[in-house]
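S.K.:
Number of protein chains: 2
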Amino acid sequence: MTYQTALPALADPTRRRVFERLRHGPRSVGEIAKGLPVSRPAVSQHLKVLKEAGLVDDHADGTRRVYYIDPKGLAALRRWLDQFWDDALEAFRAEVESDKEKE
Amino acid sequence: MTYQTALPALADPTRRRVFERLRHGPRSVGEIAKGLPVSRPAVSQHLKVLKEAGLVDDHADGTRRVYYIDPKGLAALRRWLDQFWDDALEAFRAEVESDKEKE
DNA sequence: ACTTACTGTAAGTAATGACTTACCAAACGG
DNA sequence: CCGTTTGGTAAGTCATTACTTACAGTAAGT
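One line per chain: the protein sequences are F and H, in this order. Take the first sequence: its position 15, counting from 1, is numbered 36 in this note's numbering, and each next residue is one higher. Take the second sequence: its position 16, counting from 1, is numbered 37 in this note's numbering, and each next residue is one higher.
Put into structure tokens, the structure is as follows:
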């Protein structure tokens with residue numbers, strides 16, 4: 022049920038840019054911050070939110086911290102979204118059906 | 022590319038509750054608002070945001086307005102999420118591979 | 001026509017949250 | 001050791017936004 026924290030985490034544009042920088046592999050905080058229009062502490066705060074949402078994880082590497090995507094958060098989002106999708110389509114099908122009966 | 026508006030739209034808990042009330046079929050504004058802990062105008066505002074995000078649509082029915090889920094928004098979200106998922110897995114695979122070479 | 005039912009909009013408020021600078025801690029290299 | 005690199009945290013600020021009440025509009029019923 023972590024989609025409830027994952028959705029707000031991915032709602033902010035710059036935080037999404039932080040997240041998307043990990044899309045093709047692990048990066049250190051400095052590498053992530055480089056090129057972004059916000060300060061490095063801001064990036065740290067975004068990473069904290071993403072981590073609490075189960076979207077990223079990290080491990081130490083000397084004085085640096087390497088962040089990488091944690092599949093857990095994305096998986097939870099996908100489950101919620103797919104379930105919703107199925108329900109919505111089924112509801113739509115049922116709607117068409119009941120409309121037919123009225124004729 | 023509407024996932025950029027769909028994500029913030031689904032980030033708010035009460036707005037998500039509004040959206041989820043349409044999960045199993047169309048509802049009028051009054052029906053949606055009934056039982057929710059916020060006022061009816063608040064629900065109207067949430068519906069406006071959801072509509073601008075392509076997540077819902079509506080049509081008139083007398084003095085009432087019936088809202089229903091618009092698959093466009095959900096589809097856009099799914100595309101983005103699936104693409105992200107694929108990239109993340111591929112990156113993970115490549116990471117494991119490059120780690121092997123180091124040994 | 002006149003009331004009733006239903007909904008969207010305006011305006012104002014309070015809370016949330018994204019950002020900044022300043023500071024502190026930990027690990028590496030000379 | 002000591003300076004440098006790296007990154008997390010604290011405190012404060014500003015903008016966003018979710019909510020309220022009040023109002024306006026439109027369609028149906030009598």
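C-beta atoms are modelled at their ideal positions from N, C-alpha and C, and glycine is treated no differently.
At a cut of 8 Å, does the segment 83–91 of chain H reach the segment 39–55 of chain H through at least three beta carbon pairs?
M.R.: Flag = yes, the segment 83–91 of chain H and the segment 39–55 of chain H touch.
S.K.: For H/R114, name the three-state secondary structure that DSSP assigns.
M.R.: H/R114: helix per DSSP, three-state reduction.
S.K.: Output, in sequence order along the chain, the residues in the segment 67–91 of chain H whose CB is closer than 7 Å to any CB in chain F.
M.R.: If the cut-off is 7 Å between Cβ atoms, the segment 67–91 of chain H has I90 near chain F.
S.K.: Considering only residues of the same chain and omitting the five flanking positions on each side of F/L31, which have a CB-CB separation below 6 Å?
M.R.: Hits under 6 Å: R37.
S.K.: Taking the DSSP output, what are the residues bridged to F/Y88?
M.R.: Looking at the DSSP assignment, F/Y88 forms a beta bridge with F/R48, F/D79.
S.K.: Please list the partners that H/P29 has in chain F, where partner means a Cβ-to-Cβ separation under 7 Å.
M.R.: Near H/P29 (Cβ distances below 7 Å), the residues of chain F are A32.
S.K.: Alpha carbon to alpha carbon, how far is H/A54 from F/K72?
M.R.: Near 34 Å, if we compare the C-alpha coordinates of F/K72 and H/A54.
S.K.: Verify the CB distance criterion: does F/D108 have a CB-CB separation below 8 Å to chain H?
M.R.: For F/D108, the answer is yes, since a Cβ of chain H falls inside 8 Å of its Cβ.
S.K.: From H/D108, H/V117, H/Q104, H/P92, pick the residue whose C-alpha is nearest to that of F/R114; which is it?
M.R.: Comparing Cα-Cα distances from F/R114 to each of H/D108, H/V117, H/Q104, H/P92, the minimum goes to H/P92.
S.K.: Spatial neighbours of F/L28 within its chain, please: CB distance less than 8 Å, with the 5 preceding and 5 following residues excluded, ordered by chain position.
M.R.: Excluding residues within five positions, the ones whose Cβ falls inside 8 Å are L98.
S.K.: With respect to the alpha helix (DSSP H) encompassing H/A74, which residues constitute its N-terminal and C-terminal limits?
M.R.: Here H/A74 belongs to no alpha helix (DSSP H), and DSSP marks it neither H nor E.
S.K.: Mind listing which residues of the segment 32–61 of chain H have their C-beta closer than 9 Å to chain F's C-betas, in chain order?
M.R.: Hits within the stretch, in order: A32, D33, P34, R37, F40, E41, L43, R44, H45, G46, P47.
S.K.: Quick check on F/L28: does DSSP put it in helix, strand or coil?
M.R.: Three-state DSSP puts F/L28 in a helix.
S.K.: Do F/H45 and H/A112 have their C-beta atoms within less than 8 Å of each other?
M.R.: A contact, by the Cβ cut-off of 8 Å.
S.K.: Can you pull the chain F residues whose beta carbon is under 7 Å from the beta carbon of H/R99, in chain order?
M.R.: Going along chain F in sequence order, the residues near H/R99 (Cβ under 7 Å) are L102, W106.
S.K.: I need the boundaries of the alpha helix (DSSP H) containing F/V59, first residue and last residue.
M.R.: First-last for F/V59: undefined, no H or E at that position.
S.K.: Could you tell me the alpha carbon to alpha carbon distance between H/S60 and H/Q25, rounded to whole angstroms?
M.R.: Going from the Cα of H/S60 to the Cα of H/Q25 covers about 27 Å.
S.K.: Just how far apart, CA to CA, sit H/A74 and F/T84?
M.R.: Roughly 42 Å separates the two Cα atoms.
S.K.: With a threshold of 8 Å between beta-carbons, can H/D63 be considered close to chain F, or not?
M.R.: In the sequence as displayed, the identity of residue 63 of chain H is Ala instead of Asp. It does not: the Cβ of H/A63 has no partner Cβ on chain F nearer than 8 Å.
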